[in-house]
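So the structure is just underneath, and the comments pick up after that.
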């Protein structure tokens, strides 16, 4: 007898991997084949001596932006999803440290969303090893997003701000 949980787990593993199919043969002659090809997607084939409940085939299609499935025609390959469009130029952290939006606690922030900044203008401070490093904008434009909270640790290369140069 074969454990259906085992078969379901195999299907999940195959579905999430780049492997197209797998075939397992037991020492008692039972054979299981799981394939991602369109004709057999999600199907389980076994030797006739063992009858297991039929597994419903996994629907093939593409996910629409609205969240539903759209069928894919015969022989048609689904288009890969488009990557999200970047909005604005990114000001990244030049070091590991702690992000501060103002020169001291309680003081006005260097910049806020909607502010116009100039190239070279101080936009924040990153404290590293008890040294306060003033971070300057690499771009001129309008601050569209501040992606870090005050007093939050940041990593090297982490995006701190998005600036719209056309604004």
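In my numbering, the protein residues as written are 18 to 184.
The beta-carbon is built from N, C-alpha and C at its ideal position, and this holds for glycine as well.
These numbers were taken from a predicted model, which means no experiment stands behind them.
By DSSP's criteria, residue i is part of a beta bridge. Which residues make up the other side?
{"i": "residue 115", "result": "144 and 170"}
{"i": "residue 32", "result": "Residue 32 pairs with nothing; no bridge assigned."}
{"i": "residue 181", "result": "159"}
So, are the CB atoms of residue i and residue j less than 8 Å apart?
{"i": "residue 182", "j": "residue 106", "result": "yes"}
{"i": "residue 167", "j": "residue 117", "result": "yes"}
{"i": "residue 114", "j": "residue 134", "result": "no"}
{"i": "residue 138", "j": "residue 154", "result": "yes"}
{"i": "residue 38", "j": "residue 51", "result": "yes"}
{"i": "residue 3", "j": "residue 165", "result": "What the structure shows of the chain is the stretch from 18 to 184, and residue 3 is not part of that stretch, so it cannot be assessed."}
List the endpoints of the continuous beta strand (DSSP E) containing residue i.
{"i": "residue 164", "result": "Taken as a continuous stretch (DSSP letters only), residue 164 belongs to no beta strand (DSSP E), as it is neither H nor E."}
{"i": "residue 107", "result": "106–109"}
{"i": "residue 38", "result": "38–42"}
{"i": "residue 48", "result": "48–52"}
Under 6 Å Cβ to Cβ from residue i, same chain only, skipping five residues before and after it: list those, please.
{"i": "residue 21", "result": "none"}
{"i": "residue 40", "result": "50"}
If I measure Cβ to Cβ from residue i and keep anything under 7 Å in the same chain, skipping five residues before and after, which residues do I get?
{"i": "residue 136", "result": "154, 155, 156 and 157"}
{"i": "residue 125", "result": "119"}
{"i": "residue 172", "result": "110 and 113"}
If I measure Cβ to Cβ from residue i and keep anything under 8 Å in the same chain, skipping five residues before and after, which residues do I get?
{"i": "residue 152", "result": "108, 110, 111, 139, 140, 141, 142, 143 and 177"}
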